[in-house]
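Numbering (full-length UniProt numbering), first residue to last: 1 to 154. We treat Cβ as the ideally placed atom computed from N, Cα and C, and that holds for glycine. Report on the structure given below.
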Amino acid sequence: MPLQEVGPEEVGVPYHGDVLPLGCAPSFAPPDTVKVLTAVRDFAPFQEWVWRMEQTDKYLISGFKVQAVDWFGSSIGWVRLQVEAINQQGDVLPTLMLMRGPAISILPVVQCEGADFVLLTAVPRPSVGQALLELPTGLFDEDAVFAGRAADLL
């Protein structure tokens, strides 16, 4: 199978012995496109997803389009990605994905006078117009160590 061409505003993603194009959707035009796309390609959740996709023959991937990148300081926090994929029957699959790093949820149990209580946090959720009670959650730092940001949140 011949290698696919990767354009000047794209980066290559190794996949099943080929190199697939990772580019930007028309609505996403970062100032340093290649630098942003390289960061997305090197983003651990993206690399892990590509590796998992290589372990199956159920889907054929032909390219990737980044629609948005949210940064947490100098690190990627979230990537919105459209993947060009078909299944074994040749059907084009809707493949809009939101990628992020590993997350954690904590179940803190407080004992008071012989009774157990679970600590919940009131999290503002503007999308539903109110705060919701939830378990404390957070994303891991890049090194996935609990003692980082997740522990600070608790």
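Identity of the residue in the options nearest residue i by Cα
i, options, result
"Thr-95", "Gln-55, Gly-129, Tyr-59", "Tyr-59"
"Glu-54", "Glu-84, Pro-14, Ser-105, Phe-117", "Pro-14"
"Trp-71", "Pro-8, Glu-84, Met-97, Gly-101", "Gly-101"
Cut-off 6 Å between Cβ atoms - residues of its own chain near residue i, not counting five sequence neighbours on either side
i, result
"Gly-90", "none"
"Gln-130", "none"
Residue j beta carbon less than 8 Å from that of residue i
i, j, result
"Val-66", "Leu-37", "yes"
"Leu-119", "Glu-134", "no"
"Gly-63", "Pro-30", "no"
Opposing strand residues paired with residue i [DSSP bridges]
i, result
"Met-99", "Val-79"
"Thr-137", "Ser-105"
"Phe-72", "Ser-75"
"Val-11", "Leu-22"
Residues of its chain near residue i, where Cβ-Cβ distance is below 8 Å and the 5 sequence neighbours each way are ignored
i, result
"Leu-132", "Ala-122, Val-123, Arg-125"
"Ala-25", "Lys-65, Val-66, Gln-67, Gln-82"
Residues of its chain near residue i, where Cβ-Cβ distance is below 7 Å and the 5 sequence neighbours each way are ignored
i, result
"Thr-56", "none"
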